[in-house]
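Q: Let me begin by handing over the structure; questions about it come next.
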Amino acid sequence: MSLTQSRQVDPDFLALPLTAVSDAAIQTGLSLGASHVDIRVERVRTGILQLRDTTPETQIDGSVSGIGVRVIVNGAWGFASAPEISADKARELAKVAVAMAKTSGPLSTEEIALAPEPVYAGKTWVSEYEIDPFDVPGAEKIVRLAELNGSLLKSTAVNFASAASMFVKEQKHYADSYGTSTTQQRVRIQTHIEAFNVGENGFESIRTLAQPAGFGWEWMGNTAWNWDAEISELPTLLAEKVAAPSIVAGKYDLLIHPSNLWLTIHESIGHATELDRALGYEANYAGTSFATVDNLNKLQYGSSLMNITGDRVTPHGLSTVGYDDEGVEAQRWDIIKDGLLVGYQLDRRIASRAGRERSNGCAFADSPSHVPIQRMPNVSLQPNPTGPDFAGLVAGVEDGILIKGDNSWSIDMQRYNFQFTGQQFHRIKNGEIVGQVKDVAYQATTTDFWRSMKTVGGPSTYVLGGAFNCGKAQPGQIAAVSHGCPAAVFDKVNVLNTVAEAGK
Amino acid sequence: MIAPQELIERITAAADYEDCIVIVEAKTQANLRWASSTLTTNGVIAEQTVTVVAFVAVDGGIATGSITKTSVGLDEIAGIAKEAGLVARAAGKAEDQAPLLRDKTVGDWKGAHNATGPDIFSAFAPQLGDFFKKSKTDSIELFGYAEHTHQTTWVGSKGGLRLRHDQPAGRLEMTGKSHNRSRSTWEGRATRDFSDVDLAGVDAGIRQRLEWQSRSAAKAAGRYQTVLPAGSVADLLAYLLWTSPARDAAEGRSVYSKKGEAGKTRIGEVFANLPLNIYSDPTYKGLESSPFNVATSSGPFSSVFDNGLPQEKWEFIKDGKLHGLVSTRSVEKATGIPYGSGGDNVIMDIPGGAGDLNAQIAKVKSGLLLTTLWYIRMVDPVTSLLTGLTRDGVYEIKDGEVIGAVNNFRWNESPVDLLGRIASAGATKVTATREFEDLGRTATPDVIFDDFNMSTVSQAN
């Protein structure tokens, strides 16, 4: 399915004085002594629709627009932004950014340089989606979510239902003093539906496994994801979960479904292989990484079945673009090959600092008010081309737990110790699923965990998962990112009982 | 761009429905970020949001809808007023209907936004440069962030609301690392204008902690008497507050619900072993915040119908008992749980609490001292079990003195349960959270908790 050709950047964004504004900023910056100027003119529209049972509880339709101008003067950065889109404002911002760079100079001992990149002039790119969510009448969106919640509420196992949908359209014009100029438009959507049971022993809930992705409102039909089918199974799964026995803490083989494994990949591989983190740029906030540069081409990150790629090209990927926020063309590369750490995520400044010839295109800024920084590409675990299908994976587990759906997540600042929970935990005995258990958390050290990966599912088990809410940097920035992965089996992982953990 | 006040007048005049509230938030910010004792990024930021909330009479009640944009041009005024009305009609009758406040003025309506900018750092930045140089000489690497923000909020309505609030905010964070980054520590400060930021004190703190790490030992997972500095106590309170909507509790789906008794909450139940208080108060000295309620959209924590209501002291835990939950007027009507909007700051005080962090350390015979908590997430909302890590320094205390550093831990704890395990506490002070900046302004004491559950060891440093 590729409708890219038929999709254009919206005329009302193209009608903004994009070229006049970017030329004004670049000319002003250069004339004031900047060695580099880049500018983004952006408009990001975000819709949020939340239903409590069948009634709308929260509705937000917000759009953020503005200009961000970044300069390098005497090897130091300066940045300024404002919400007004005009050539005069762009000139003013270029002046403020140059002044900020001059003020910063005395505090900066590292000379900023950018890795080279070919010039792309006048390029346009639009993501693959069919229906702009903002073209769909509000009432129609409410009806669809109310229908799904309403279907849950018909079951006696479900006391309450909540639906939350978030949809974003990001429009971005980028230009720099090398001569690159790109205009791009991306659309993404995330919907979660959760069913609650309230009983004698408190409450329990279960959430849909549907993942966020770079689709439009067509995502809410039953073609790209079968919502009606998933919703119809949820009440039974919830009833089973309520009645399920509490897990006995200990070591279990885990068969982890892509709806859970994407988050483990995100936290223990995605963030750990950001080169700016590994070098210490995030030491005060997001943290550093155990995968420091001396480990490149040496560290056995995981078992030989482990192949991880970074990319900004996967169709419907949340991190997929045509060009990044420094004018670098989208790419795909290896991060872990046969279990060995072989690559990092880079932007142009970090690439230059690390002596790399080229950035792999991971610069992103979440709003016109924020500077582009290195953000995560789609980081994905490749399926085993000859690996088993899902039934085959289950059949191969003697004494373990199948985990589906993400829930709680936490990992330390060097990305060693993590602990995750999930939505569904199915006990597997002698190759068969024998019923749900609950109160499960799995905890491990990153390299121990990935080295214990003993079976990787085949292409039929592969799902593109992801998140809208990945945080990094100060001031804080949020990014959306996808992680594709097959289901996989991990040998004897530490499983905690969350009720026992809470007890005192 | 059109001045906020004029924009509000024009949009509310253009709105042809029952009432229309327009909220304009203007924000300016300057920030500096550094790593390895050199500046890495900076920014001078101006932002604005204009939210138009329409209140439209529909069958059986009032419907609401809102649209938010960065700016609205003269030619867009009629359009945005109309669009908000359409969103309301599509939504249908609102569940959270309550009488709208009218004809009220707060603050200097007419004045322009008082912008902040890089000048706020004019004294601070050269000092920071000196510390960068000094740290390099002493093989210490400094990483950190300084941010100063001014935000002006105007709330105006067709019904005569003309409310304005100005909020300054600022924070300084500094991580110090030494010995090939094998030692790490952190200092944070909350400030309103950077005039009170004592960089020399931050530097001294970092040096003392790095020195404490010259002796280190391995410590196994287990339960320890643990001293949490005020900032990490504030981080620990975040989820207590973020799960506090009254309706969730009344529906049986929160830690504040009475198990097995439909519709009943735990209000009145003793939560803490000491008669402590957790509350918000817009007049609290050093944490002054908006005296009126602002809601750009409705949700579990807010209702657009409650815009402009006075923000009074809201008591969550009082004398050790659960006292209030976040409730809108419509939820109050449905559940009987009194209106309380949660406020824009958080204060915890423990009667009898006195002394600084050293005074708390001196009380511990055998235990741990933490620096900060990190990556705190909800594991089980039934018990409010949280997980998280210790970060940037865990120290062993013997007979009232720090004897050296130990490894980091992953902990699993419920803050609800921890409120019942307080051994002692210090005086309440204005503090900076490490993880949950969005908790807003905070004042908490250093607290000694008994039997803190360090669940597994983390190799991170």
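Chains as they are written, first to last, in the numbering used here: chain A, 1 to 504; chain B, 1001 to 1461. Glycine included, C-beta positions come from ideal geometry on N, C-alpha and C. This one's a predicted model, so the numbers in the text were calculated from it and none came from an experiment.
Assign L1074/B to one of two classes, buried (16 or more other C-beta atoms within 10 Å of its C-beta) or exposed (fewer than that).
A: Here residue 1074/B is taken as the residue at index 74 of the second sequence, counted from 1. That one is exposed.
Q: Given a cut-off of 8 angstroms, decide if T1191/B and T1116/B are closer than it, judged by their beta-carbon atoms.
A: Along the second sequence, one-based indexing puts residue 1116/B at 116. Along the second sequence, one-based indexing puts residue 1191/B at 191. It is not a contact, given that the beta carbons lie outside the stated cut-off.
Q: One question on the structure: do R1089/B and A1125/B come within less than 8 angstroms of each other, judged by their Cβ atoms?
A: Numbered from 1 along the second sequence, position 89 holds the residue referred to as residue 1089/B. Numbered from 1 along the second sequence, position 125 holds the residue referred to as residue 1125/B. No, the pair does not count as a contact, with Cβ atoms beyond the cut-off.
Q: My assumption, with CB atoms under 8 angstroms, is that T182/A sits in contact with A163/A. Please give the rounded CB distance.
A: Start at 1 with the first residue of the first sequence, and residue 182/A comes out as number 182. Start at 1 with the first residue of the first sequence, and residue 163/A comes out as number 163. So it is not a contact: roughly 36 angstroms between Cβ atoms.
Q: Report the residue from M1378/B, D1235/B, T1433/B and S1182/B whose alpha carbon sits nearest the alpha carbon of V499/A.
A: For the purposes of this step, residue 499/A is taken as the residue at position 499 of the first sequence. Minimum Cα distance to V499/A is reached at M1378/B.
Q: Using the beta-carbon of each residue, which ones in chain B are nearer than 9 angstroms to E57/A?
A: Taking the first residue of the first sequence as position 1, residue 57/A is located at position 57. The answer, in chain order, is E1095, D1096, S1298, G1299 and P1300.
Q: With distances taken from CA atoms, which of A1250/B, A1030/B, G1144/B and G1352/B is nearest K1264/B?
A: The residue given as residue 1264/B occupies position 264 in the second sequence. Here the closest residue by C-alpha is A1250/B.
Q: Using beta carbons (cut-off 8 angstroms, strictly below), is F1436/B in contact with chain A?
A: Counting from one through the second sequence, the residue named residue 1436/B turns up at place 436. Output row for F1436/B: interface = no.
Q: Using a Cβ cut-off of 7 angstroms, which residues of the region 1114 to 1148 of chain B contact any Cβ in chain A, in chain order?
A: Answer set for the region 1114 to 1148 of chain B: P1118, A1125, L1128, G1129, F1132, F1143, G1144, Y1145 and E1147.
Q: Please check if any C-beta of chain A sits within less than 8 angstroms of the C-beta of V1270/B.
A: As a working mapping, residue 1270/B is identified with position 270 in the second sequence. False, the Cβ-Cβ gap to chain A never drops below 8 angstroms.
Q: Can you list, in chain order, the stretches of the beta strand (DSSP E) that have 3 or more residues and sit fully within the region 1268 to 1307 of chain B?
A: Within the region 1268 to 1307 of chain B, the complete beta strand (DSSP E) runs of at least 3 residues are 1277 to 1280.
Q: Measuring only between beta-carbons, confirm whether W1154/B sits less than 8 angstroms from chain A.
A: Numbered from its first residue, the second sequence carries residue 1154/B at position 154. W1154/B does not count as touching chain A.
Q: Is it the case that the Cβ atoms of A1405/B and G1388/B are separated by a distance below 8 angstroms?
A: Looking up residue 1405/B in the second sequence gives position 405. Looking up residue 1388/B in the second sequence gives position 388. No, the Cβ-Cβ distance between A1405/B and G1388/B is not below 8 angstroms.
Q: Nearest CA to the CA of N1345/B: which residue from A1354/B, G1286/B, S1036/B and L1386/B?
A: Within the second sequence, residue 1345/B is the residue found at index 345, counting from 1. The option with the nearest alpha carbon to N1345/B is G1286/B.
Q: Alpha carbon to alpha carbon, how far is W77/A from S63/A? Give it in angstroms, no decimals.
A: As a working note, residue 63/A is residue 63 in the first sequence. As a working note, residue 77/A is residue 77 in the first sequence. If you take the alpha carbons of S63/A and W77/A, they lie about 28 angstroms apart.
Q: Among the candidates F290/A, A473/A, L32/A and L464/A, whose CA atom is the shortest distance from the CA of A101/A?
A: Within the first sequence, numbered from 1, the residue matching residue 101/A stands at position 101. Per the Cα distances, L32/A.
Q: Going by DSSP, what residue range makes up the alpha helix (DSSP H) through K1333/B?
A: Here residue 1333/B corresponds to residue number 333 of the second sequence, with the count starting at 1. That run of the alpha helix (DSSP H) goes R1329 to T1335.
Q: Quick one: measure Cβ to Cβ for V1416/B and V1255/B, integer angstroms, because I've assumed they're closer than 8 angstroms.
A: Residue numbering aside, residue 1416/B sits at position 416 when the second sequence is read from its first letter. Residue numbering aside, residue 1255/B sits at position 255 when the second sequence is read from its first letter. Going by Cβ atoms, the distance from V1416/B to V1255/B rounds to 6 angstroms, so yes, they are a contact pair.
Q: Cβ closer than 8 angstroms: which chain A residues qualify as neighbours of T1249/B?
A: Translated into positions along the second sequence, residue 1249/B becomes position 249. It should be noted that the sequence gives Ala, not Thr, for residue 1249/B. Result: empty, since nearest Cβ-Cβ is about 11 angstroms, beyond 8 angstroms.
Q: Less than 8 angstroms between CB atoms is the rule here; does I478/A satisfy it with respect to chain B?
A: As a first step, residue 478/A must be located in the first sequence, where it is residue number 478. Chain B, which has no Cβ nearer than 8 angstroms to the Cβ of I478/A, makes this no.
Q: Taking buried to mean at least 16 other C-beta atoms within 10 Å of its own C-beta, is I1011/B buried or exposed?
A: On the second sequence, residue 1011/B is found 11 positions in, with the first residue counted as 1. With 16 or more Cβ atoms within 10 Å of its Cβ, I1011/B is classed as buried.
Q: Quick check on DSSP: helix, strand or coil for Y1395/B?
A: To locate residue 1395/B, count along the second sequence from 1; it is residue 395. Residue state, collapsed to three classes: strand.
Q: Are at least three pairs of beta-carbons, each pair with one atom in the region 1447 to 1454 of chain B and one in the region 1211 to 1225 of chain B, less than 8 angstroms apart?
A: In short, these stretches touch, since the Cβ pair count reaches three.
Q: Quick one: which chain A residues come within Cβ less than 9 angstroms of S1036/B?
A: Position 36 of the second sequence, counting from 1, holds the residue named residue 1036/B. Going along chain A in sequence order, the residues near S1036/B (Cβ under 9 angstroms) are T109, E110, L279, G280, Y281 and A283.
Q: What is the DSSP secondary structure of V143/A, reduced to helix, strand or coil?
A: Here residue 143/A refers to the residue found at position 143 when the first sequence is read from its first residue. It is helical.
Q: Does E1173/B come within less than 8 angstroms of chain A when only Cβ atoms are used?
A: Here the question's residue 1173/B lines up with position 173 in the second sequence. Yes, contact with chain A.
Q: Taking beta-carbon pairs under 7 angstroms, can you tell me which members of the region 87 to 108 of chain A lie near chain B?
A: Result list: V96, M100, T103, S104, P106, L107 and S108.
Q: Where does P133/A fall in DSSP's three states?
A: Locating residue 133/A in the first sequence gives position 133, counting from the first residue. Here P133/A sits in helix by DSSP.
Q: Decide if the region 466 to 481 of chain A is in contact with the region 412 to 423 of chain A; the criterion is three or more beta carbon pairs, one per stretch, under 8 angstroms apart.
A: The region 466 to 481 of chain A vs the region 412 to 423 of chain A: no contact.
Q: When burial is assigned at 16 or more other CB atoms within 10 Å of the CB, is M1/A buried or exposed?
A: The residue you call residue 1/A lines up with position 1 of the first sequence. Note on M1/A: pLDDT 39, under 50, position unreliable in the model; no value is reported.
Q: How should N378/A be labelled, buried or exposed, when 16 other C-beta atoms within 10 angstroms of its C-beta is the threshold for buried?
A: Within the first sequence, numbered from 1, the residue matching residue 378/A stands at position 378. Buried, since its Cβ has 16 or more Cβ neighbours within 10 Å.
Q: Is T1265/B close to chain A? Criterion is C-beta to C-beta, closer than 8 angstroms.
A: For the purposes of this step, residue 1265/B is taken as residue 265 along the second sequence, with counting starting at 1. It does not: the Cβ of T1265/B has no partner Cβ on chain A nearer than 8 angstroms.
Q: At what residues does the beta strand (DSSP E) containing W1186/B begin and finish?
A: Translated into the one-based positions of the second sequence, residue 1186/B becomes position 186. It spans R1183 to T1191 - the beta strand (DSSP E) in which W1186/B sits, taken as one unbroken run.
Q: Inspect the beta-carbon positions of G214/A and E130/A and report whether they are closer than 8 angstroms.
A: Locating residue 214/A in the first sequence gives position 214, counting from the first residue. Locating residue 130/A in the first sequence gives position 130, counting from the first residue. Against a cut-off of 8 angstroms, the Cβ pair of E130/A and G214/A comes out as no contact.
Q: Check for me: the beta strand (DSSP E) holding S232/A runs from which residue to which?
A: Counting from one through the first sequence, the residue named residue 232/A turns up at place 232. Segment W227 to A243 is the alpha helix (DSSP H) holding S232/A; no beta strand (DSSP E) there.
Q: On a CA-only basis, which of A351/A, R375/A, R356/A and D311/A is nearest D334/A? Give me that one, please.
A: Stepping through the first sequence from its first residue, residue 334/A is reached at position 334. The shortest Cα separation from D334/A among A351/A, R375/A, R356/A and D311/A belongs to D311/A.
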